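Numbering (our numbering), first residue to last: 6 to 690.
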């Protein structure tokens, strides 16, 4: 569950809704009425002064029909949108909807305007209503897709764009919107396909070249990315700020500082006070100066890059790549280093940094190739072997990982990374206690490695030892506060402990930086589950399960939500799915026992709960078994389990709830079962 998003739009205070103006223009042909000529046709035409005058004439003519005036108000709002007169446009859409509350073009236009003003919930209401009224209208889905993209709800946005495309294949804005969502959710190949389709339908489709460039950038194809950013700029040189910024970054990555500085200068004429642009321009100037000092002329249109850079120039490129890695610009680092390595393929420093950048992008196979090349240069380097072992473990190539980790430990018994890698292998193959031993040893050798604390925290989390997990996540974040893995899991652990307010701080922090982080999304789903919003919880878990269908924990949480809705059959499907793959998964066994009780099959409930409690006694498990025994009239067994449930320390929010019920039950039973003659006031419970 490790996701990352690199969106450069936040660095530029440019157009906030890049797709919606195209949507607004597409809507207007639907406003014309073929039965009327003249002013009606003018009102529904391009958003010019002629159209505005025609629409106003219809609006001011009391003799015109309600239908004509409704369309005229909506048409004039289009004119105001084109001139960025948002309040006037909104007033006209309100007027149109007062005349006809079911006029879909006005609903979509008003939703767009509400979105522009930041009233996203109201915008969603308008789009939902438009879709409800006209479920075959692609523009309703396109509009809602744009709203969801603005909220960084990429999966939902993709769903809406796909529906719009199903309804109308030749809708470029929907293909561009879905391309953007695919880029942002880490699916560059799918993004390329959509951008190509949009360009094939309409080579002037707004933003199509920009998002195709971003897709190429994510794939590491820098030259194609620069070409597309240039085409985006050519289409709209006065407003394509994001394309200028992206192209400038890539020129810097290639060492073409002349062009990079030119793009930054152009941006500063549009955004003179933008600190990010100023800073990156200064960095480009500094690198240009350093290369000049080293005797390497900066690349320019008339000066091709040398085939074999000097040692000084190579060192400068490696240092710049390290800066890119520090900034999170991994694609830029890779482009820079690939250019260097094409002329000097055995440059050890470049291979090391590029392997790291590939790893940060999740391109594990590429990272492994670089590590293998490094090991050809240094076959007995324990650190490189440990890094390759970590890489192989991340790719679930556990045999290769164990071989590399074992060899690294033989060469250097004090290699903390090698023990960490071996721990990852053991955790990945189900040997969690053995993994903990390796994590402990790794941390004893190097207590400054955030990944070791993170992985040990995850192991404790998997064992439901949440207090120990929290300590490790705290330590991981103390070492590296930007560790989103540790922060998302700490948020989830806090919520499971019943400390929802604290947990949501972490969850929201992660989602602000990585909207598609699955662990944080799981935490958001858990929040609505524990507040009894079961329908919303199921919707949240549905999205997570769609992306990670074999992950057991979301299935168990969704089963809890189904039980909350009194749908035990649906809960049972999730639990059986989990237990078919992991027959001894304790949380699923506990919940299936509870589900059997909901289905009044108490014998099977006791059977599952016995298996769960044999692994680990939990308050919830004991309480559930007590309830099943009570239903079977096993009073003694029920009483014993209720008592244990009140005495055991709760380890989760579900335990806290179960313990409160257990105490209530004990009080109820104590009134029914007095001890001895009852004269002493005590009870046998």
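Using N, Cα and C, we set each Cβ at its ideal position, and we do this for glycine too.
Being a predicted model, the structure only gives us computed values, none of them experimental.
query                                                                                                                           : result
Contact belief for residue 59 with residue 73 at Cβ below 8 Å, rounded distance in angstroms                                    : Actually they do not touch by this definition, with Cβ atoms about 11 Å apart.
Alpha helix (DSSP H) segment containing residue 327, residue limits                                                             : 316 to 332
Residue 287 to residue 503 span [Cα, whole Å]                                                                                   : 48 Å
Enclosing alpha helix (DSSP H) for residue 613 [first to last residue]                                                          : 607 to 620
Cβ neighbour criterion (16 or more within 10 Å) applied to residue 530                                                          : buried
Classification of residue 629 by the beta-carbon crowding that lies within 10 angstroms, buried from 16 upward                  : buried
CB of residue 182 within 8 Å of CB of residue 158, strictly                                                                     : no
Whole-number beta carbon distance between residue 650 and residue 633, since they are thought to touch under 8 Å                : Contact flag wrong, Cβ pair sits at about 13 Å.
Residues near residue 582 by beta carbon distance below 8 Å, same chain, minus five either side                                 : 560
Bounding residues of the alpha helix (DSSP H) (the contiguous stretch that carries residue 93)                                  : 91 to 104
For residue 512 and residue 505, the rounded distance between their alpha carbons                                               : 10 Å
Same chain only: Cβ atoms within 6 Å of residue 393, ignoring 5 sequence neighbours per side                                    : 376 and 409
Close beta carbons around residue 475, own chain, < 8 Å, minus the five adjacent residues each side                             : 462, 495, 498, 499 and 502
Selected residue, minimal CA-CA separation from residue 373, among 387, 357, 386 and 442                                        : 357
The alpha helix (DSSP H) enclosing residue 374, as first and last residue numbers                                               : 369 to 382
The segment 225 to 236 contacting the segment 244 to 259, beta-carbon criterion three pairs below 8 Å                           : yes
Anticipated Cβ contact below 8 Å, residue 464 with residue 483, distance rounded                                                : Residue 464 to residue 483, Cβ: 19 Å. No contact.
Whole-Å CB distance - residue 400 paired with residue 427, under 8 Å assumed                                                    : Contact flag wrong, Cβ pair sits at about 16 Å.
Residue from 148, 603, 221 and 479 whose Cα sits closest to the Cα of residue 165                                               : 148
Cut-off 6 Å between Cβ atoms - residues of its own chain near residue 162, not counting five sequence neighbours on either side : 150, 153, 154 and 186
Given residue 418 as reference, the closest of 447, 275 and 398 once Cα atoms are compared                                      : 447
Segments of 4+ residues assigned as alpha helix (DSSP H) that fall wholly inside the segment 393 to 469                         : 403 to 416, 421 to 433, 437 to 450 and 455 to 467
CA nearest to the CA of residue 54, picked from 82, 670, 430 and 213                                                            : 82
With 16 other Cβ atoms within 10 Å as the buried cut-off, status of residue 115                                                 : buried
6 Å Cβ shell around residue 42 - same chain, five flanking residues per side excluded                                           : In this prediction, residue 42 has a pLDDT of 47, which is less than 50 and means its spatial position is unreliable; what the coordinates show is noted afterwards. No residues qualify anywhere along the chain.
Span of the alpha helix (DSSP H), counted from its first residue to its last, around residue 177                                : 177 to 189
Residue of 388, 391, 385 and 335 minimising C-alpha distance to residue 364                                                     : 335
Spatially closest choice to residue 656 from 469, 422, 404 and 291, by CA coordinates                                           : 469
Bounding residues of the alpha helix (DSSP H) (the contiguous stretch that carries residue 220)                                 : 213 to 223
Residues of its chain near residue 354, where Cβ-Cβ distance is below 6 Å and the 5 sequence neighbours each way are ignored    : 323
Cβ-based neighbour list, residue 557, same chain, cut-off 7 Å, excluding 5 preceding and 5 following                            : 583, 587, 590 and 593
Residue 477 burial status per 10 Å Cβ neighbour count (16 or more: buried)                                                      : buried
Given residue 188 as reference, the closest of 360, 221 and 402 once Cα atoms are compared                                      : 221
Residue range of the alpha helix (DSSP H) that includes residue 634                                                             : 624 to 636
Collapsed DSSP secondary structure at residue 108 in the structure displayed                                                    : coil
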